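Inspection log for the structure reproduced underneath, given as structure tokens.
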Amino acid sequence: MAAMKKDKRNPKKSSKGVSRRGFLAGVGTAVVSSAVIGTGAQSAEAQILRVTRQEELQNIAITVNGVKYQVSVEPRWTLAEVLRDHLGLTGTKIGCNAGECGACTVLLDGKNVYSCSQLAVWVDGKSVTTVEGLAAGGELDPLQKAFIEHDAPQCGYCTSGQLMSAKALLARNANPTREEVQRG
Numbered sequence: 004m005a006a007m008k009k010d011k012r013n014p015k016k017s018s019k020g021v022s023r024r025g026f027l028a029g030v031g032t033a034v035v036s037s038a039v040i041g042t043g044a045q046s047a048e049a050q051i052l053r054v055t056r057q058e059e060l061q062n063i064a065i066t067v068n069g070v071k072y073q074v075s076v077e078p079r080w081t082l083a084e085v086l087r088d089h090l091g092l093t094g095t096k097i098g099c100n101a102g103e104c105g106a107c108t109v110l111l112d113g114k115n116v117y118s119c120s121q122l123a124v125w126v127d128g129k130s131v132t133t134v135e136g137l138a139a140g141g142e143l144d145p146l147q148k149a150f151i152e153h154d155a156p157q158c159g160y161c162t163s164g165q166l167m168s169a170k171a172l173l174a175r176n177a178n179p180t181r182e183e184v185q186r187g
């Protein structure tokens, strides 16, 4: 970009008649305008992408915490999204949404899985247990009581995933060694 010569009469004004202040104000207006216009276009595009034609939905049968559900799902929805957003079971948390942190862990036919990495269509006909399903008749599960008694939760966000992984481990082995616990 070529340097502008300064007007000797007004050092802040270039020889082309544009002051530094005017230039910066013009650039600022352009940036803000493009951001506002871009946001509007992006919002409209996002809304269009969210619309799913009825024929694209797939019906699945799923048993969650002993209750049978028939749910119409988009093929791209994860089990975590269906549990939280469509069945209202918010105990399952979405942390990393990449199958790495474990906050979304549930039991799928008794095996601990990351629900953020399981498509809902994959669990058709299967049984899911969430942290809400651990407490029977309003009574906390012994594992939940142990977590409370021994101050296991830290911030609490991933506690449900920890509980579900521990539940799966204890279902396989009621008296695991330290090494077995570390392996999961």
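Under the numbering used here, read the sequence shown as residues 4 to 187, first letter to last.
Glycine is no exception: its CB is placed at the ideal position from the N, C-alpha and C atoms.
Here the structure is a predicted model, which is why all the values come from computation and not from measurement.
Which ranges would you report for the beta strand (DSSP E) in the segment 52–130 if only whole runs of at least 3 residues count?
61–67, 70–76, 108–111, 114–117
Whose C-alpha, out of V131, V124, D127, is nearest the C-alpha of C107?
V131
Is it buried or exposed for Q185, if we count other Cβ within 10 angstroms and need 16 for buried?
exposed
Proximal residues to V76 (C-beta, below 7 Å), its chain only, five neighbours per side dropped:
L60, Q61, I63, V85, A123, V124
Pick out whichever of V126, L143, K114, L137 has its Cα sitting closest to the Cα of W80.
V126
Span of the alpha helix (DSSP H) around Q165
162–175
Continuous alpha helix (DSSP H) stretch holding Q147: start and end
145–152
Would you list the residues sitting across from E142 in a DSSP beta bridge?
A139
Work out the CA separation of L82 and D144 for me, nearest whole Å.
23 Å
I65 versus S168 - alpha carbon distance
20 Å
If you count every other CB in all the chains shown that lies within 10 Å of the CB of A38, and 16 or more means buried, which is it?
Low confidence applies to A38: its pLDDT is 47, below 50, so where it sits in the model is not reliable enough to give any reading.
Count the other CB atoms, across all protein chains shown, that sit within 10 Å of the CB of R1; report buried if there are 16 or more and exposed otherwise.
Because the chain here runs from 4 to 187, residue 1 falls outside it and cannot be looked at.
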